[in-house]
Amino acid sequence: MPKRRSADRRTTSLIATLITLVVAALVWAAQSFLAAPAPVAPLPVAEPAWHQLYFTDPDRTAGLREPAGGLPDAVVATFNAAQQTIDLAVYEIDLPVYADALIAARQRGVRVRLVTDSDYLDEAPLQTLRLAGVPVVDDRRDAFMHHKFAVIDGALVWTGSMNFTFNDAYRNNNNMLLVRSARLAENFTAQFEALFEDQQFNRAITAPRPALNLSGTLVETYFSPQGGVAAHVLDVLRAAQTSVHFMAFAFTRSDFSEVLIEKARAGVTVQGVFERRQVEAGADGAWEALRRAGLDVRQDGNPYVLHHKVIIVDRQIVVTGSYNFSRNAEDANNENVLIIHDAEIAGQYLKEWERVWERAGNPNSQ
């Protein structure tokens with residue numbers, strides 16, 4: 215039996231050693247876990263929103279000797295990022311920074327095309343673009359090619375009230391919306407092709423996709439002239455339940471003002487800001503009509519120009535674009551309108567309206 219006891223002792227010793235090693239390993243692992251920092255999960259990469267909204271800030275920039283940056287920088291950044299195409303339809307362009315970016319894009323192989331109004335062909339940036347080989351088409355007529363939109367790589371759309379000028383960027387109240395949507399780009403590209411290739415200035419096309427769902431937001435697209443824009447805007451005004459707020463460079467349509475008066479009498483809050491110079495020149499027929507009806511309207515306080523063309527309905531719907539509320543915008547000029555059904559976007563426009571409204575109530579404030 216001595217050999218069996220010796221073997222048993224060796225087995226017991228081996229088991230004890232193994233247990234000791236396992237316990238030591240567990241203690242070491244626990245200490246290491248407690249001492250080491252917890253692993254950091256990688257931050258999710260945020261997808262860019264389908265839209266970005268920009269406003270000029272003339273209260274800050276109008277008095278500067280050499281203002282720079284701001285909205286032009288945002289536009290130029292998208293030109294600089296273009297890979298394939300830039301189609302630009304703009305009423306006027308006088309800031310060299312835009313021409314420089316377009317020429318640089320062309321030099322790196324991007325197809326650049328431009329449609330503009332014949333009244334501004336002599337502007338230096340346009341001459342520079344033409345000398346650089348950028349094809350430019352103008353409307354060659356009395357009515358205005360009044361668009362302010364760009365389509366980049368068939369995927370990005372800029373649109374709003376801002377001409378590509380020094381005054382509109384730094385002195386005047388304007389808005390521009392950047393939309394990331396190939397489907398919306400299809401609408402604006404179709405209109406651009408009608409202007410650039412077919413030189414069809416006297417009648418707008420119907421957008422291929424007039425109503426789009428962009429991440430749950432209904433976005434309607436309409437073009438003029440002769441595109442029925444006024445009827446769509448009137449539908450939005452007639453549907454107002456609680457409020458209508460507007461900012462208008464030109465407001466001469468009597469049918470718009472009549473609906474606003476009817477809505478105010480029905481208990482809807484109606485408040486608006488008119489461009490002062492237009493009123494003083496007697497060019498805004500709606501001003502007197504709304505004033506006589508007792509509606510709450512003001513003349514803007516910007517010593518330069520209130521250039522917005524915006525209506526906000528029920529804090530839910532926004533009408534915006536290049537389209538002034540006038541007969542010419544409907545019947546003669548080349549214009550675009552977006553009708554956006556989104557409370558968050560409407561809230562951003564309403565904040566701008568409140569700023570403009572407050573400035574109109576205190577025209578001498580800074």
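Mind the numbering: the sequence shown is residues 215 to 580 in the numbering used here, read in order. Built from N, CA and C at the ideal position, the CB exists for glycine as well.
Cβ-Cβ distance between residue i and residue j below 9 Å
i	j	result
T420	G368	no
L391	M461	no
D514	A464	no
T466	F539	yes
I525	V458	yes
F415	D353	yes
M582	N547	Nothing can be reported for residue 582, as the shown portion of the chain is limited to 215 through 580.
E549	A399	no
N377	N516	no
L309	T379	yes
H555	S375	no
Distance between residue j and residue i (C-alpha atoms, nearest Å)
i	j	result
P281	V289	16 Å
K565	L345	42 Å
A250	W264	Summary for A250: the model assigns pLDDT 39, below 50, so the residue's position carries little reliability; its value from the coordinates is reported in the next sentence. For A250 and W264, the distance between alpha carbons rounds to 41 Å.
V350	I300	12 Å
I553	T435	7 Å
S471	G508	12 Å
V570	D545	29 Å
D469	V311	40 Å
L257	Q405	Note on L257: pLDDT 38, under 50, position unreliable in the model; the coordinate value appears next. Rounded to whole angstroms, L257 to Q405 spans 41 Å at the Cα level.
V371	V365	5 Å
G347	A315	14 Å
Q492	D498	6 Å
Q562	R529	10 Å
E476	V447	15 Å
V329	Q297	20 Å
A505	G283	First, the residue type needs correcting, since residue 505 is Arg and not Ala in the sequence shown. Each residue's Cα considered, the two are about 39 Å apart.
Closest by C-alpha distance to residue i, when choosing among the options
i	options	result
R394	R320, F358 and V433	V433
L426	E549, T342, A396 and H459	A396
F200	D273, V533 and N386	Absent from the structure is residue 200, since the part of the chain shown begins at 215 and ends at 580.
D382	L285, E568 and H555	L285
A291	A318, T270, D273 and V443	A318
Cβ-based burial, residue i [other Cβ within 10 Å; buried from 16]
i	result
P611	Examination of residue 611 is not possible in this model, given that the chain is present from 215 through 580 alone.
E306	buried
G496	exposed
S429	exposed
D510	exposed
E502	exposed
T456	exposed
Q321	exposed
L278	exposed
R452	exposed
A239	With a pLDDT of 48 at A239, under the threshold of 50, the predicted position of this residue should be treated as unreliable, and no value is reported.
Proximity test, Cβ basis, 9 Å: residue i and chain C
i	result
A557	Of the chains in the structure shown, none is chain C; there is only one protein chain.
Extent of the continuous beta strand (DSSP E) to which residue i belongs
i	result
H446	No beta strand (DSSP E) contains H446, which is instead part of the alpha helix (DSSP H) from V443 to R452.
D301	T299 to V304
I526	K523 to V527
Residue i: first and last residue of the uninterrupted alpha helix (DSSP H) it sits in
i	result
L409	A396 to F410
A372	In the sequence on display, residue 372 carries Trp and not Ala. Segment L370 to G374 is the beta strand (DSSP E) holding W372; no alpha helix (DSSP H) there.
R325	Note, R325: premise wrong, no alpha helix (DSSP H); beta strand (DSSP E) at R325 to T330.
Y436	Here Y436 belongs to no alpha helix (DSSP H); instead the beta strand (DSSP E) covers T431 to S438.
V351	No alpha helix (DSSP H) holds V351; the beta strand (DSSP E) holding it covers V350 to D352.
L157	The displayed coordinates of the chain run from 215 to 580. Any statement about residue 157 would go beyond what the structure contains.
S468	S468 to R479
Residue i Cβ short of 8 Å to the ligand MG heavy atom set
i	result
S375	Looking for the ligand MG in the displayed structure turns up nothing, as the structure carries no ligands at all.
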